[in-house]
Each structure stands twice: as C-alpha cells, then as structure tokens.
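Respectively, the protein sequence lines represent chains A and B. Going left to right, the first sequence walks through residues 0 to 326 as numbering that gives the first Met the number 0 numbers them. Going left to right, the second sequence walks through residues 0 to 321 as numbering that gives the first Met the number 0 numbers them.
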Amino acid sequence: MDASAVPKEKLLSLYRTMVTNRRFEETLSNLFFQGQIPGFVHVSIGEEAVPAGVCAVLTDKDYITTTHRGHGHVLAKGAQLKPMMAELLGKRTGYCKGKGGSMHIVSYSLGIFGANGIVGGGLPIATGAALASSLRGNDAVAVAFFGDGASNEGTFHESLNLASLWKLPVIYVCQNNGYGEFTATADSTSVKDIAVRAQGYDMPGVIVDGNDVLAVYEAAKTAVERAKRGQGPTLIEAKTYRWEGHVVGEQAFVPDYRPPEEIAAAKQRCPIQLFAKQLADTGFVEPAELERIAGEVERALEEAVAFAQASPFPEVESALEDVFANP
Amino acid sequence: MPEIGFVEAIRQALAEEMERDPTVFIMGEDVKVGAFAATRGLYEKFGAARVRNTPISEAGIAGAGVGAAMAGMRPVVEIEFASFFYCCFDQVCNQAGKLRYMSGGQARMPITFRCVYGAMGSAAAQHSEVVYPQFLSAPGLKIAIPSGAAEMKGLLKAAIRDDDPVLVFEHGRLGFTRGEVPAGDVIMPLGKGAVKRAGNDVTIIAVGAMVPKALAVAEELEKEGIGIAVWDPRTLVPLDEDGMLEVVANTGRVVIADEGHRRGGAAGDLAAIIIDQGFDYLNAPIKRVTALDVPIPFSPPLESYVLPDEEKLKAAVREIMA
Numbered sequence: 000m001d002a003s004a005v006p007k008e009k010l011l012s013l014y015r016t017m018v019t020n021r022r023f024e025e026t027l028s029n030l031f032f033q034g035q036i037p038g039f040v041h042v043s044i045g046e047e048a049v050p051a052g053v054c055a056v057l058t059d060k061d062y063i064t065t066t067h068r069g070h071g072h073v074l075a076k077g078a079q080l081k082p083m084m085a086e087l088l089g090k091r092t093g094y095c096k097g098k099g100g101s102m103h104i105v106s107y108s109l110g111i112f113g114a115n116g117i118v119g120g121g122l123p124i125a126t127g128a129a130l131a132s133s134l135r136g137n138d139a140v141a142v143a144f145f146g147d148g149a150s151n152e153g154t155f156h157e158s159l160n161l162a163s164l165w166k167l168p169v170i171y172v173c174q175n176n177g178y179g180e181f182t183a184t185a186d187s188t189s190v191k192d193i194a195v196r197a198q199g200y201d202m203p204g205v206i207v208d209g210n211d212v213l214a215v216y217e218a219a220k221t222a223v224e225r226a227k228r229g230q231g232p233t234l235i236e237a238k239t240y241r242w243e244g245h246v247v248g249e250q251a252f253v254p255d256y257r258p259p260e261e262i263a264a265a266k267q268r269c270p271i272q273l274f275a276k277q278l279a280d281t282g283f284v285e286p287a288e289l290e291r292i293a294g295e296v297e298r299a300l301e302e303a304v305a306f307a308q309a310s311p312f313p314e315v316e317s318a319l320e321d322v323f324a325n326p
Numbered sequence: 000m001p002e003i004g005f006v007e008a009i010r011q012a013l014a015e016e017m018e019r020d021p022t023v024f025i026m027g028e029d030v031k032v033g034a035f036a037a038t039r040g041l042y043e044k045f046g047a048a049r050v051r052n053t054p055i056s057e058a059g060i061a062g063a064g065v066g067a068a069m070a071g072m073r074p075v076v077e078i079e080f081a082s083f084f085y086c087c088f089d090q091v092c093n094q095a096g097k098l099r100y101m102s103g104g105q106a107r108m109p110i111t112f113r114c115v116y117g118a119m120g121s122a123a124a125q126h127s128e129v130v131y132p133q134f135l136s137a138p139g140l141k142i143a144i145p146s147g148a149a150e151m152k153g154l155l156k157a158a159i160r161d162d163d164p165v166l167v168f169e170h171g172r173l174g175f176t177r178g179e180v181p182a183g184d185v186i187m188p189l190g191k192g193a194v195k196r197a198g199n200d201v202t203i204i205a206v207g208a209m210v211p212k213a214l215a216v217a218e219e220l221e222k223e224g225i226g227i228a229v230w231d232p233r234t235l236v237p238l239d240e241d242g243m244l245e246v247v248a249n250t251g252r253v254v255i256a257d258e259g260h261r262r263g264g265a266a267g268d269l270a271a272i273i274i275d276q277g278f279d280y281l282n283a284p285i286k287r288v289t290a291l292d293v294p295i296p297f298s299p300p301l302e303s304y305v306l307p308d309e310e311k312l313k314a315a316v317r318e319i320m321a
C-alpha cells in the first residue's frame with residue numbers, strides 16, 4: 000500500500016503505536032531483569048506492525064481479545080501506559096487492580112476483553128462478542144488476535160465454523176511469529192500457510208507481510224468493511240517473527256532452539272525501520288517528526304514507570320473481592 | 000397451586016425470561032428441536048436469532064456465550080449432558096469463572112449454563128456423571144441444583160437474572176417428575192436453602208435428585224419413630240451455611256446424600272463445613288451416602304450397586320441412630 004494514500008495523522012499515529020510497543024516491551028524486559036516484574040513476561044518485539052495496523056481501523060466500540068503475548072494489542076487498542084505498567088508491577092493502580100498481570104490486561108471501556116493465558120482461549124470470546132453485536136444490531140466488530148500455535152487448538156476451528164455459519168462481524172488475526180513456545184511452526188502445523196485453513200470455513204483467508212504496517216492496515220480495513228456489510232468473518236495471517244524468546248529470561252532454562260542466522264535475518268526487516276523508510280519516501284513526513292514522537296514516547300514511559308513504582312500494592316483483603324458481581 | 004412437569008418448569012422459566020428481557024437468548028446443540036424437550040416450541044416463538052441452534056461444538060459455544068455475556072447479552076447456554084462440560088472446561092473455568100476477577104471486577108459475566116446430569120438408567124459412564132464437584136473447586140462459578148419443578152423454575156430464573164456465571168444442573172430422572180409451581184414470576188434466590196421436612200433426630204442434607212429420595216426415606220422411617228429433617232441446599236455456590244448449621248444444630252446427627260462420587264465430592268465438602276463450624280452440634284459422626292468411586296457402569300445391577308439409593312440412605316440413618 001502506498002503511504003501517501005493514508006492521511007498523515009494516521010501515519011504518525013501508526014508510527015507512535017509501533018514505537019510505543021517496542022519501547023514499552025524493551026523497558027519491561029529491563030525491569031524484569033532487575034527483578035521488578037513478578038511472574039512471566041512475554042514480549043512481542045519485532046511484531047509491532049500487526050497490532051498497530053489492525054487496531055488503527057478499530058474504535059473504542061469494537062472489541063479485541065488477545066493472547067499471553069498481548070501488550071502490543073492492548074496498547075494499540077488504546078490502553079494507557081500508567082495503569083498498564085502498574086498492573087505489570089502488581090500494583091493497586093493497575094488496570095486489573097493487580098489481579099491480572101501481564102497476561103490478563105482487560106479494559107472494558109476500551110473494548111479490550113482480555114489478554115489470555117490460555118492458547119486459543121480468546122477466539123470464542125471474540126466470536127461471542129461479535130454475536131452480541133449482531134444480536135444487538137450495532138455495528139461493532141470483534142478481533143481475535145492469536146498466534147500460529149492457537150490455530151491448532153479446537154477453539155480456533157470451532158470459532159471459525161460458528162462465525163462463518165452465522166456471518167458474524169469478527170476478524171481472526173493470526174500473528175504468525177514462527178514459534179509456539181519453543182517449537183517451530185513447521186514442526187507443529189500441518190499447513191505452510193495458516194490462512195488456507197479459512198477455506199475450510201468458507202471465509203477469506205488473507206496472507207499479509209506482518210512487518211509491513213500498511214499492508215496489515217489495508218487487510219484489516221477490508222476485513223472490517225466486509226464484517227460491517229454483514230458478509231461475515233475474515234482470517235488474516237500476518238507473517239512476522241519473534242525476535243525474543245517465548246518468555247523473557249528463558250535463556251536460564253532452555254537451550255538455544257533457533258538458528259542465530261534466522262534471528263539476524265529477521266532483524267534486517269525491522270517493521271519500525273521499514274515504516275520509517277516508507278514515511279521518508281512520502282516526502283511529507285519529516286524525520287524530525289518521527290524523532291519528536293520517539294521522544295514523547297520516551298518521556299511518557301518514564302512517567303509510567305515512575306507512577307507504577309510509586310503506586311502502592313493492593314491491600315491484601317482485596318484478594319477476596321471481585322469474584323462475583325453479586326456475592 | 001398448579002402442578003407442572005419439571006421440563007415444563009424449564010420451558011416456562013426460559014420463555015418468561017426471554018419475554019421479560021430482550022438480551023436473554025438461548026444457545027446450544029439441538030435447542031431448535033429440543034433434545035430434552037426443555038426448549039421445545041421456543042424456536043417457533045422467539046426465532047432463530049434468539050434460540051440459536053449450534054453445531055456440536057461445546058468449547059465454541061461456551062466461549063461464544065462468555066464473549067456475548069461480556070458484550071452485554073444474557074446467554075443461556077445448553078450443554079446437553081453434564082459430561083460434555085469436559086469439552087469446554089477451559090471456557091467455563093478459566094474464562095467465565097475468572098475473567099471478572101482477573102480484570103479487577105471490570106468484566107460482567109451474566110451467563111447461565113444448563114445441563115442434564117446424573118444417572119438415568121444405563122446411560123453408562125459418559126452420560127451419567129455428576130460433574131458439579133469439579134466446578135465446586137473452580138472459583139468464580141455459581142452452582143444451582145434444582146430438586147423439583149418449583150426449584151427448577153425459580154432457580155433458573157434467578158440464574159438468568161444473576162450477573163455472574165451460574166451452572167444449573169438438572170437431573171435426568173427429575174425430568175419425569177411433576178410438582179407444584181406457583182404461577183408467574185417466581186424467583187428462588189441463589190444461596191438460600193430450604194427445610195423440606197422437619198424432624199428432630201437426624202438431618203438428611205440432600206442434593207438435587209436425592210431430595211425426593213430423602214423425603215421418601217423420612218416418611219418410611221417416621222413409622223419406626225425416627226424423626227428426619229430434610230434440608231435442600233438448592234445452590235452449592237453460594238451455600239446457605241447458616242441455614243444448614245441451623246437445621247444440623249436441631250438434630251445433632253447428619254447424613255449427607257449426594258449422587259456424586261465420594262472422593263473430592265460435594266458431600267465431603269458439606270461435611271467439612273459442618274465440622275469446621277458446627278462440631279459442637281454433633282452427637283455422632285457425619286455419614287455420607289454417595290456414588291462409589293468408579294465410573295458409572297452400564298449393566299443395570301452394576302449401576303444400582305454403585306449409585307446411592309433409599310436403602311443405602313436408610314442404612315446410614317439407622318447406623319447413626321444406633
């Protein structure tokens with residue numbers, strides 16, 4: 000897609016989202032190694048174009064579900080840095096009052112129905128959100144982000160079948176990053192392209208370069224328009240690569256399972272650098288603007304970390320709250 | 000008070016709630032035809048959108064129910080036989096039961112799951128199980144177990160109106176029973192048990208389909224001069240602990256009757272609560288009458304051998320009175 004076909008504000012917003020995602024997770028990794036983040040942290044560095052491109056066509060009224068590697072999707076959907084960071088540190092001021100952590104960020108008001116610790120767990124939930132939209136007659140769409148690994152789960156197949164059968168306004172975005180935990184996709188998945196599985200459910204299966212944010216944006220836009228016309232779901236496979244391991248700090252307990260040259264080659268196609276180059280080529284986005292954005296992101300992140308660190312832990316009694324709406 | 004069938008009670012509850020609230024809808028396998036007749040006629044009345052006949056796809060429909068509930072609907076999801084819950088455990092336990100908590104109270108989860116449970120005569124192990132103990136251990140889920148038509152209607156209506164996930168377990172054998180059900184909008188609050196019969200010697204705490212059996216035993220043993228109180232918890236989560244302890248305090252002797260397996264089951268859980276909080280009321284050890292710890296067998300004599308029944312209940316009462 001030609002960048003000059005997209006409004007400048009949108010282009011800059013895409014860039015900001017990608018830089019925010021990258022710097023957020025780099026900061027997170029540092030904090031993890033400093034022992035400040037409890038639990039597991041899964042980062043998606045190198046995959047920033049997918050959440051940015053898809054969420055750029057959504058509004059607060061639309062829904063997303065995502066995965067244990069969901070920071071990028073949640074941030075792209077509008078989650079704020081301060082409560083995000085506070086949640087990751089287990090603080091009271093976090094999105095989930097410190098009860099969810101990295102793998103379970105929810106913001107109801109932003110239509111974020113949860114990152115999810117269970118592979119494939121979010122697919123039927125997004126399908127149900129789309130069902131609600133269809134029953135209520137509003138034009139909200141739902142997006143399920145998931146990985147290549149989840150495409151082997153039963154919930155993937157059940158969800159696609161239901162959504163196609165009922166022509167639900169849902170978009171299944173497979174962020175194929177080449178690995179499910181520590182196993183290469185080629186060793187776990189019967190097909191080379193997950194998008195071909197769409198054929199079995201009579202819906203479009205689209206492959207996009209997941210490192211090209213405008214390609215992702217365009218595919219998502221087409222899928223959303225189709226969903227809003229009542230023509231049903233789309234499966235988008237965005238091919239990208241996971242620069243880091245499955246979980247931050249895994250070098251301490253798993254041997255190298257990826258060829259170093261594979262990682263090096265992937266880094267040659269950094270989605271942020273690719274996009275910066277596309278923007279420079281337009282002639283109407285100055286490099287200084289990109290630097291300004293990067294600086295703003297940096298300051299916002301510093302503030303978010305300081306806010307999270309200064310925030311109190313939850314009162315222990317709050318562990319017993321929020322189980323039921325009507326106890 | 001009109002007497003209606005157990006299944007008619009389900010149908011009335013569903014129809015009344017769907018009429019009252021446009022966000023209520025039904026989803027499940029063969030709800031159009033009504034595999035157990037509970038949803039029969041509703042498709043014709045409310046249409047395909049709100050009586051949503053699904054493929055055989057338990058994880059998909061349970062999860063779609065979760066998402067629809069979060070997005071403002073009140074789905075009533077039918078899982079047919081309770082054992083089929085194993086196919087969608089993740090969506091029920093990890094998602095429906097935990098999303099509110101993990102989101103710090105943001106998520107709203109007004110979803111009802113209905114299923115037929117229990118042994119109904121040589122259906123063998125995969126269609127005869129009592130599955131609710133598995134969910135007792137999963138935080139965030141409410142569990143209702145109607146013992147008759149009145150409870151069926153009142154508890155189901157309460158479940159549908161509740162903002163939390165409620166699992167309603169309907170015993171297959173109760174499907175053939177009838178009972179007096181007040182007409183109109185009768186709600187039976189979740190978390191409130193009922194004394195079904197008064198008596199001063201022994202309390203039988205009976206769950207679901209064990210309630211009519213306990214009442215029959217109580218009737219019979221009264222002739223021998225044993226006064227039996229029968230208490231129906233109606234919901235295991237939330238549990239009416241005060242109501243249970245009150246009836247136990249009055250008799251000092253307790254038999255717990257549940258069709259679930261003994262190991263890790265509801266009967267053991269109720270017994271532990273009584274010991275924790277009402278030990279001083281007890282004049283004798285608590286007896287549990289449950290299924291034996293094997294899958295429910297097919298062959299009729301084997302099935303009877305494994306399941307709790309009136310004879311086993313009577314034996315337990317006599318033992319505790321000795």
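Heads up, the beta-carbon is just placed ideally off N, CA and C, and yes, glycines get one too. Keep in mind the model is a prediction, meaning the values are calculated, not measured.
Checklist entry - Looking only at its own chain, which residues have a Cβ that is under 8 Å from the Cβ of Arg261 (chain B), when we skip the five neighbours before and after it? => result Gly267, Arg287, Thr289, Ala290, Leu291 and Asp292
Next on the checklist: Does the CB of Met69 (chain B) have a neighbour CB from chain A at under 8 Å?
Outcome noted: At least one chain A Cβ lies under 8 Å of Met69 (chain B).
Checklist entry - How would you label Gln94 (chain B), buried or exposed, when you count the other beta carbons within 10 angstroms and need 16 or more for buried? => result Burial call: buried.
Item to check | Strand pairing of Val229 (chain B), partner residues [DSSP] | outcome: B:Arg196 and B:Ile203
Item to check | 4-residue-minimum alpha helix (DSSP H) runs that sit fully inside the segment 34 to 69 of chain A, ordered along the chain | outcome: Segments of the alpha helix (DSSP H) lying fully in the segment 34 to 69 of chain A: 48 to 54.
Next on the checklist: Give me the residue from B:Glu218, B:Asp162, B:Asp161 and B:Gly40 with the minimum Cα distance to Gly198 (chain B).
Outcome noted: Answer by Cα proximity: B:Glu218.
Checklist entry - Which ranges does the beta strand (DSSP E) cover as unbroken runs of at least 3 residues, wholly within the segment 218 to 281 of chain B, from first to last along the chain? => result Fully enclosed beta strand (DSSP E) runs of 3 or longer: 227 to 231, 234 to 236 and 253 to 260.
Checklist entry - Does any C-beta atom of chain B lie closer than 8 Å to the C-beta of His103 (chain A)? => result yes
Checklist entry - Which chain A residues sit within Cβ distance under 9 Å of Ser303 (chain B)? => result Going along chain A, no residue has its Cβ under 9 Å from Ser303 (chain B), so there is no contact; the nearest lies around 36 Å.
Checklist entry - Along chain B, in chain order, which residues have C-beta atoms closer than 8 Å to that of Glu320 (chain A)? => result Going along chain B in sequence order, the residues near Glu320 (chain A) (Cβ under 8 Å) are Gly104.
Checklist entry - Would you report the Cα separation of Lys44 (chain B) and Leu13 (chain B), rounded to the nearest angstrom? => result Near 12 Å, if we compare the C-alpha coordinates of Leu13 (chain B) and Lys44 (chain B).
Item to check | Ile292 (chain A), enclosing alpha helix (DSSP H) - first and last residue | outcome: Pro286 to Ala309
Checklist entry - Is there at least one Cβ from chain A nearer than 8 Å to Ser82 (chain B)'s Cβ? => result By this cut-off, Ser82 (chain B) is not an interface position.
Checklist entry - Cβ atoms of Lys238 (chain A) and Asn151 (chain A): under 8 Å apart, would you say? => result no
Checklist entry - By the criterion of Cβ-Cβ separation under 7 Å, what are the contact partners of Arg135 (chain A) in chain B? => result Gly71
Item to check | Boundaries (first-last residue) of the beta strand (DSSP E) holding Leu166 (chain B) | outcome: Per DSSP, Leu166 (chain B) belongs to the beta strand (DSSP E) from Val165 to His170.
Item to check | Under 7 Å from the C-beta of Phe24 (chain B): neighbouring residues of chain A | outcome: Result: Leu134.
Checklist entry - How is the beta strand (DSSP E) around Gln174 (chain A) delimited, first residue to last? => result Val169 to Asn175
Checklist entry - Should Gly252 (chain B) go down as buried or exposed, given a rule of 16 or more other Cβ atoms within 10 Å for buried? => result Strictly speaking, residue 252 (chain B) in this sequence is Arg, with Gly absent from that position. Its Cβ being crowded by 16 or more others within 10 Å, Arg252 (chain B) is buried.
Item to check | Segment limits, alpha helix (DSSP H) that includes Ile206 (chain A) | outcome: Looking at the DSSP string, Ile206 (chain A) is not in any alpha helix (DSSP H); the run it does join, the beta strand (DSSP E), is Gly204 to Asp208.
Checklist entry - For Leu319 (chain A), which option in B:Tyr100, B:Ala157, B:Pro300 and B:Glu16 has the closest C-alpha, if you only look at C-alpha atoms? => result B:Tyr100
Item to check | Proximity below 8 Å, CB of Ala85 (chain A) to CB of Gly121 (chain A) | outcome: no
Checklist entry - Touch check for the segment 217 to 231 of chain A and the segment 246 to 265 of chain A: three-plus C-beta pairs under 8 Å? => result no
Next on the checklist: So Asp162 (chain B) and Met320 (chain B) are supposed to be a Cβ contact under 8 Å. How far apart are they, rounded?
Outcome noted: About 44 Å; that fails the 8 Å criterion.
Next on the checklist: Just to confirm my understanding: we take Ser298 (chain B), look at its own chain, exclude 5 residues before and 5 after, and list those with CB closer than 6 Å. What are they?
Outcome noted: none
Item to check | Nearest-angstrom Cα separation, counted from Lys90 (chain A) out to Gln272 (chain A) | outcome: A straight-line Cα-Cα distance of about 34 Å links Gln272 (chain A) and Lys90 (chain A).
Checklist entry - How would you write the range of the beta strand (DSSP E) that Gly127 (chain A) sits in, first residue to last? => result Premise fails: Gly127 (chain A) lies in the alpha helix (DSSP H), Gly121 to Arg135, not in any beta strand (DSSP E).
Next on the checklist: For Val32 (chain B), count the other beta carbons within 10 Å of its own beta carbon; 16 or more makes it buried, fewer makes it exposed. Which is it?
Outcome noted: exposed
Item to check | Where Tyr304 (chain B) falls, given that 16 or more other Cβ within 10 Å makes a residue buried | outcome: exposed
Item to check | Alpha-carbon to alpha-carbon, Lys191 (chain B) and Gly177 (chain A) | outcome: 53 Å
Next on the checklist: I'd like to know if Thr65 (chain A) contacts chain B, where contact means its C-beta is closer than 8 Å to some C-beta of that chain.
Outcome noted: no
Item to check | Cβ neighbours of Ala125 (chain A) in the same chain (closer than 6 Å, five flanking residues each side left out) | outcome: Thr64, Ala141, Ala143 and Val169
Next on the checklist: Is the separation between the beta-carbon of Val185 (chain B) and that of Lys212 (chain B) shorter than 8 Å?
Outcome noted: Their beta carbons are not under 8 Å apart, which means Val185 (chain B) does not touch Lys212 (chain B) by this criterion.
Checklist entry - Is the beta carbon of Ala2 (chain A) sitting closer than 8 Å to the one on Leu11 (chain A)? => result no
Checklist entry - DSSP three-state call for Ile142 (chain B): helix, strand or coil? => result strand
Item to check | Where Met17 (chain A) falls, given that 16 or more other Cβ within 10 Å makes a residue buried | outcome: buried
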